[in-house]
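Number of protein chains: 8
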Amino acid sequence: MDEKTIRHLLEQVQAGQVNIDQAVDTLRRLPFTDLGFAHLDSHRALRTGFPEVVFCQGKTADQVSAIVARLAEHPGPVLATRATAEMADAVRRVVPEAVYHPEARMIVVERSPLPKRGGTVLVISAGTSDIPVAEEAALTAEVMGNRVARLFDVGVAGLHRLLAHVDLIMSARVLVVVAGMEGALPSVVGGLVRRPVIAVPTSVGYGASFNGLAALLGMLNSCASGVVVVNIDNGFGAGFAASLINQLDEESI
Amino acid sequence: MDEKTIRHLLEQVQAGQVNIDQAVDTLRRLPFTDLGFAHLDSHRALRTGFPEVVFCQGKTADQVSAIVARLAEHPGPVLATRATAEMADAVRRVVPEAVYHPEARMIVVERSPLPKRGGTVLVISAGTSDIPVAEEAALTAEVMGNRVARLFDVGVAGLHRLLAHVDLIMSARVLVVVAGMEGALPSVVGGLVRRPVIAVPTSVGYGASFNGLAALLGMLNSCASGVVVVNIDNGFGAGFAASLINQLDEESI
Amino acid sequence: MDEKTIRHLLEQVQAGQVNIDQAVDTLRRLPFTDLGFAHLDSHRALRTGFPEVVFCQGKTADQVSAIVARLAEHPGPVLATRATAEMADAVRRVVPEAVYHPEARMIVVERSPLPKRGGTVLVISAGTSDIPVAEEAALTAEVMGNRVARLFDVGVAGLHRLLAHVDLIMSARVLVVVAGMEGALPSVVGGLVRRPVIAVPTSVGYGASFNGLAALLGMLNSCASGVVVVNIDNGFGAGFAASLINQLDEESI
Amino acid sequence: MDEKTIRHLLEQVQAGQVNIDQAVDTLRRLPFTDLGFAHLDSHRALRTGFPEVVFCQGKTADQVSAIVARLAEHPGPVLATRATAEMADAVRRVVPEAVYHPEARMIVVERSPLPKRGGTVLVISAGTSDIPVAEEAALTAEVMGNRVARLFDVGVAGLHRLLAHVDLIMSARVLVVVAGMEGALPSVVGGLVRRPVIAVPTSVGYGASFNGLAALLGMLNSCASGVVVVNIDNGFGAGFAASLINQLDEESI
Amino acid sequence: MDEKTIRHLLEQVQAGQVNIDQAVDTLRRLPFTDLGFAHLDSHRALRTGFPEVVFCQGKTADQVSAIVARLAEHPGPVLATRATAEMADAVRRVVPEAVYHPEARMIVVERSPLPKRGGTVLVISAGTSDIPVAEEAALTAEVMGNRVARLFDVGVAGLHRLLAHVDLIMSARVLVVVAGMEGALPSVVGGLVRRPVIAVPTSVGYGASFNGLAALLGMLNSCASGVVVVNIDNGFGAGFAASLINQLDEESI
Amino acid sequence: MDEKTIRHLLEQVQAGQVNIDQAVDTLRRLPFTDLGFAHLDSHRALRTGFPEVVFCQGKTADQVSAIVARLAEHPGPVLATRATAEMADAVRRVVPEAVYHPEARMIVVERSPLPKRGGTVLVISAGTSDIPVAEEAALTAEVMGNRVARLFDVGVAGLHRLLAHVDLIMSARVLVVVAGMEGALPSVVGGLVRRPVIAVPTSVGYGASFNGLAALLGMLNSCASGVVVVNIDNGFGAGFAASLINQLDEESI
Amino acid sequence: MDEKTIRHLLEQVQAGQVNIDQAVDTLRRLPFTDLGFAHLDSHRALRTGFPEVVFCQGKTADQVSAIVARLAEHPGPVLATRATAEMADAVRRVVPEAVYHPEARMIVVERSPLPKRGGTVLVISAGTSDIPVAEEAALTAEVMGNRVARLFDVGVAGLHRLLAHVDLIMSARVLVVVAGMEGALPSVVGGLVRRPVIAVPTSVGYGASFNGLAALLGMLNSCASGVVVVNIDNGFGAGFAASLINQLDEESI
Amino acid sequence: MDEKTIRHLLEQVQAGQVNIDQAVDTLRRLPFTDLGFAHLDSHRALRTGFPEVVFCQGKTADQVSAIVARLAEHPGPVLATRATAEMADAVRRVVPEAVYHPEARMIVVERSPLPKRGGTVLVISAGTSDIPVAEEAALTAEVMGNRVARLFDVGVAGLHRLLAHVDLIMSARVLVVVAGMEGALPSVVGGLVRRPVIAVPTSVGYGASFNGLAALLGMLNSCASGVVVVNIDNGFGAGFAASLINQLDEESI
């Protein structure tokens, strides 16, 4: 029930064409969410920076290309995560401007890239095997209109590599820290800065890493105050949250 | 926002005291849930059989008696689960008609007991240690207006005890089956009847029962079709669900 | 020991060919279940609405087609769950009227569909990836003679989508709610209605979803009273239980 | 090695009292952290809004009062979490202006409260049993200089309670959502707003809640993008992170 | 339906007072378990060596003494496991011949001890802390009429202690091996003998022993063929099984 | 060091060719296990009923055939478990009398089958999917010289199928009970008999069966006294233990 | 069977008093471990630096004092771990020179302290709550004759505290690193040094630390090569292993 | 900032071209790690025995050959772990002197093998399936310049096989003990020797071994003092730690 319908009803009341009992009844029978729906929709109209997202894992290349094609009819950016090269080929046949980022395993359709707002989102990764997840986070934040810096392969067992970049670390506004194995990097980074740190455990590791559980528990128990955590391998979620935080004052929801 | 408010607004529109733009704006600014709220409330008014419930664990006797006293101002039944005798004493000082059921660890205030509707809810328990949970389920169903039969201490290791009551089992309309240890009883019962079986794992057991995890997993993996499960030791939840099922045709929500 | 044997024994007693001590001894030595077996069988004859079910996972297409062909000799419906298209092809070669439902991954042989009894079973799913499990539940309930409504892709992160259908939700007699990831949907639905809600966790998700464990634990700990749970991805079990509940008064076991 | 030491060395070089080889050698042999230490310390001087924190659990009342007394010699705020009333009494004997907040189980020493900066941090809790953790989050954020609003007891099983406050929810700048049991509330809230949502699982629940594991997994698997998670019962960490996010532009580290 | 009822029915058939159709019908309508029940009971009468057992944990001293007193009216042995000294005092007030074994935490009432049958049951324990569980196993087997030998404190880290008794080990007919921590002892013993080895994990240990889980998993994964396992700390179960095995040829069930 | 060596040394002492100091020194320097080794070996010579066993999983067909060929040079039986048809083909090329049992996934080389000793080992399985594990147990026991009976597909959800065979069950000397899903069958069987029951959990099931964990925990927590458990899917271990028990009096170790 | 026995037997052989068959038989019947036993014992005589150890947890003060008194009759050091002050009082009444170390919760009887050998064992702890475990490690190593240095409260969230001591860290010969929560410290330390690092997880933490599991998994998955791990809270084990490593060349076993 | 930069600055100070305030400021603004970096690098130059290591799992053959080729430009040894034969072929095309060890699944480039230092590292494995992990440990230690002995297939269920080699075991300086299934071997070995024992759990086993968890827990809970543990299947880590320990006095870091 949109505004027009309500306005029409009220005009009928005003004009005496509908009596009050009928109008009350009509309003009452509305699914109670319809007004709220409008409410949500108007607010949704403001969310231009929010990408439409497709989680590709478990879908066929045809399914992915069909969904992306439909979403790409709208002007905003489209992200497809966990995408294979084969899926990207299928998408490009129908949406030629789609770009595939193999390391991040993402397909991006970005007709008019958003202007960069807020400060820098710094994405740090512990090992080279963590890069796919880190790139997923970085690319998500970029597409959502953030300046993004990358600092990869600076795990805690080689502290000098991390500390050599302490100025970069300290100048970031929001940090996403990606690590597998013991997941210690967010604690070390969280101790260096007083900025929000979003920790992303990865399933990198073997034996008792239990597919990322060790890193996840490590991050949840971080001794550095202010570290928050997302799901294992959830680079997209971390990039999304980093963008929300970085653009707090840019948006007017 | 209740009907009166809407009616008043429409009368003002009808009378020309409020123009349509103002009325649309007023309606739009309503928290969208208010209509729904009314909707829910009217439906809530019909739920006379639904008890107010207090989960006592972790509360002091004073807190319990205060909460029960407040809830008992309404006409419907009040249940307090996981209650100690000391809590019951505190409650009876302010609500003298409260009754304490030590085995079920429940306090019941039931000013005008509901008429018994539907068929029989049969509560079966495997061992004597499961009785507190079974009694919690049975009492909950009784207070909600169901005929309840009890069949206790009929675990699967002594099958003859269970099979001696096969007629009682087959005549029940809904069955709640409570078991700890390996939690096998619901599978056996579920294989005898073609009625809904609600399985309740209990934390009874030791060693690798892991506080009811063994029984819970056993029940979720039951080879008998149609067995559904509630949380460990959640006798209240099982009794509640059994009542919902048993009175499907009695209520008119 | 069938009726003939007993009748013959009694005739011998009657004719004085067997004395009472011998007859008592013969009866006592009978496997005590034989009579009960008859008992169960006669009751089984009444269960016309209960499908024969084949769990196809881990079987070859040939095995599946052989089993279905054998079961299809009986008049009642046959369900094969977790079936592939290849299995369906093999089945249709021997049972041409078999129908394959690819989304539900089920093969159905339904010579004379059962009349629809009871109220509506509403199957709700949170995400598109949950649909195979939801369809398995829906189809199971339909084949067992229930009116089934579907409401898919109404996860809790987009509450307006769910609330837009509140009337449909409130008019259902039994609800099956299917969700992966955090498994929150049954709690929200369970708070809207006062009807039995059967929650089905799915293995949809990644990282710390641990193949459906997160959703399973979420549903078991639901704060909504009356929610009951089946095993992960067990759409068949949920549909079966929903049918048992919905047809409580239709059957006369 | 502080500035004085370095200055003195350079003066000796300038004066020709130490030759360059000696000076290089001296500088090289410095523990490499000493300069960095100064670096960190000067930055630490800017962190006036950051409270000193004592985790009281497992300490005696005497230990707590001694530690708080020492920290309270500095001008900034002091927080003691998981404190008992007895600990608070011990503290107040030596730091009379210490205030005990029994619900949050915190002792606060706040000589000159910080000015409130940024937008509103909204702390939402699902059940009454979650309030201690929620209050810990709220009080932490308040002491760190944030405007804090509270919205308690709005669990997902009674959606209308939550939706009645949708304007308050939408006007918050950062949200902390505290829930036990199935931990579904952050998903629902995260679907309503496009602001950072920090989810706090609590150990509230029983049976298969496994001391908060169910809620933790639920929140990590939230289907709402942008939800981040802290450790079970870690209200302090959530309040701390919320303050970091809310004051991103107020601070100049 | 006991023998008398059947005999009476047969007499009526013999006398022509009941025709065969009626008799068949009567027999068929019997709860099918009644005959079986008799069957089981007569077989139960033969089980004179089987003790009545009370699991005392979670019961009050009064409850224990009441149960033991009732069971002790029968001639067979009575065992009460997990009993405290206080419980034993209560029992002895009503059953003066009850004996308390503090290390095994058992109360034994054994009016006419059973003759010792079969070979020797050897109970081996790894550490001194495992002795309560080992004694529970040993005493159970003794009361059930077995010769029992004990070999305690021979853990695998001091192999010479174990090997010094290799003759005793090789002469046993059934072995119960009790160990906590890593639970390695059954593997070593199982490699020395070709007799049945019943492994009992204990909850002895700390840290990652997880209350006996480490020992349990170790025993289940034993590289020695023929090792079987009972629940954590379940000395009674192991002694019971050892007796069943040791007396296979003595009993005639 | 075998008997010959010792005898030769003693003869040298007797003949005065070696003095006592030298002899003591020689004996002392022996690895202390050598005598024991002899001891073990002589006892090993008696173990003719013990098969040599190859665990094929993770080996190539060539590796399996090479190992079996070598073991088959000895007169005793050879078992290869978890073998594929391809492995069996490879084996038969070099050991033509090898027999492949596809359901048990075992290759058996049995030149002179052992005489059957002891009573009957009864192998019971709950479902058809449990048959491979059950057959592995049955075949192992048969090859080791036991009479074996099979009772398959008698799960607890269809109790009448189990009870129809109560005489067979009661006449067994040792029982192996194989079940997946909730693993309830050993409890039921253990309650019917007073013979040793060896429970074998299988990884059959889905969802929260967690690859047999549910069945394993169920069996460890069995409420039937005397049930012992082996590892998940370990049919061989169960058959081996059953043979040890069944032949306790046949062997003279 | 010691040397005397063997010598006597050989003399009898030499003297013709015992024939060779008898002698072989005698030797064969020896428990095969007796020679080995002597072997082990002579080696045990060399182990003067190894303390006798009592694990006090779960024992009474009287039991502890009795055991310590007996062990203290020997000249070597005695350690009692997890001891309370009350236990220490009881011990000192019978062994006056016993010293209680409350932080390490250890009682030490050290009549003639061992000379310090090897390099320095450095014990590092992350937080103040980890100190009891760290002290247990340090004291164990000291009593076993090692120079021990301590570096406490240098967790990874305050990296500058750790790096300020980099020279101390680099000069240690063996390092014991104790940490709870996320257990990240051993990875950082292991990256700084190329010496053996023994990691000790502690049960310090809350929520999803799961009593030290998070720290344990973190340490096992350390990205720093050469880190080895002991059980949760096992300071004694770490100190013992550190001493074994540090004194590799001092001892001559 | 390398030495040149510092030297230049000091020369400017000496020459009066830079005043002291400027020089202090310059030094302070240096990233604090730069000096430390130099520090670490000089120490790194001493680590000639430390191999460069490539973890091949999850990489393509091309990636592995590219990385190994680059690392092989340096004179020290290169190790590639978890390598397939196909990877080795690819490597040998660019680094012809690379050697593939199929059992250890390692590629080794060792231009000038290091001299053997220290005592013997003994690598023991329980079963033949543990050999790949054991070989990985052995080869790692060899390449790092250690004498290595191997003792394979001496699991605890055949104790005589282990004890036959007690002299070899006792003469080792450091022991690596590799075992799957119940992981009991390190406890037995640790009880025989007083040398450092590094335990390596393997994922060998099935059912409730849970991919090595059973062995891991067993080893962490070892009753033998001084046993330390590495991650599941981490042969490389064990060999690396063994080398660190064995060469403690050879290196001069």
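Protein chains in written order, with our numbering: chain A, 1 to 253; chain B, 254 to 506; chain C, 507 to 759; chain D, 760 to 1012; chain E, 1013 to 1265; chain F, 1266 to 1518; chain G, 1519 to 1771; chain H, 1772 to 2024.
Glycine is no exception: its CB is placed at the ideal position from the N, C-alpha and C atoms.
{"Asked": "Buried versus exposed call for Arg1312(F) [16 or more other C-beta atoms within 10 Å across all chains shown]", "Found": "The pLDDT assigned to Arg1312(F) is 41, lower than 50, so where the model puts this residue is not dependable, and the model offers no usable value."}
{"Asked": "Helix, strand or coil at Pro1650(G) [DSSP, three-state]", "Found": "helix"}
{"Asked": "Coil, strand or helix - Glu1844(H) by DSSP", "Found": "coil"}
{"Asked": "Under 8 Å (Cβ pairs) to chain F, residues found in the stretch 444–463 of chain B", "Found": "Gly444, Leu445, Gly458, Gly460, Ala461, Ser462, Phe463"}
{"Asked": "Identity of the residue in Val574(C), Ala721(C), Gly732(C) nearest Asp739(C) by Cα", "Found": "Ala721(C)"}
{"Asked": "Inter-residue Cα distance where the pair is Ala1073(E) and Ser378(B)", "Found": "24 Å"}
{"Asked": "Phe1826(H) - partner residues in DSSP beta bridges", "Found": "Thr1852(H)"}
{"Asked": "Beta-carbon proximity list for Ser1743(G), same chain, < 8 Å, skipping 5 on both sides", "Found": "Gly1708"}
{"Asked": "Buried/exposed call for Gln1788(H), threshold 16 Cβ in 10 Å", "Found": "exposed"}
{"Asked": "CB contact below 8 Å: Asn652(C) versus chain B", "Found": "no"}
{"Asked": "Per-residue contacts from Gln17(A) into chain B (C-beta, under 7 Å)", "Found": "In chain order: nothing, as chain B lies at least about 11 Å away."}
{"Asked": "Proximity test, Cβ basis, 8 Å: Leu516(C) and chain E", "Found": "yes"}
{"Asked": "Continuous beta strand (DSSP E) stretch holding Arg1668(G): start and end", "Found": "1664–1669"}
{"Asked": "Identified DSSP bridge partners for Thr626(C)", "Found": "Arg653(C)"}
{"Asked": "Test: Asp2004(H) CB closer than 8 Å to a CB of chain A", "Found": "yes"}
{"Asked": "At least three beta-carbon pairs within less than 8 Å, the stretch 1468–1488 of chain F to the stretch 1425–1439 of chain F", "Found": "no"}
{"Asked": "Sequence-distant residues of the same chain with beta carbon closer than 7 Å to Gly638(C), five excluded per side", "Found": "A small fix is needed here, since residue 638(C) is Pro in this sequence, not Gly. Excluding residues within five positions, the ones whose Cβ falls inside 7 Å are Glu609, Ala610, Arg611."}
{"Asked": "Proximity test, Cβ basis, 8 Å: Leu1987(H) and chain A", "Found": "yes"}
{"Asked": "Within-8 Å CB hit, Met1446(F) to chain B", "Found": "yes"}
{"Asked": "CB contact check: Leu438(B) to chain D, cutoff 8 Å", "Found": "no"}
{"Asked": "Beta-carbon proximity check, Val1065(E) vs Met1099(E), cutoff 8 Å", "Found": "no"}
{"Asked": "Bounding residues of the alpha helix (DSSP H) (the contiguous stretch that carries His1931(H))", "Found": "1930–1934"}
{"Asked": "Neighbourhood of Ala390(B) by C-beta, 6 Å cutoff - its chain only, sequence neighbours within 5 removed", "Found": "Val376, Val429, Gly488, Ala491, Gly492"}
{"Asked": "6 Å CB neighbourhood of Ala1165(E) in its chain, flanking five on each side removed", "Found": "Rather than Ala, the amino acid found at residue 1165(E) in this sequence is Asp. Excluding positions up to five away in sequence, the list reads Thr1140."}
{"Asked": "Limits of the unbroken alpha helix (DSSP H) element including Val442(B)", "Found": "438–445"}
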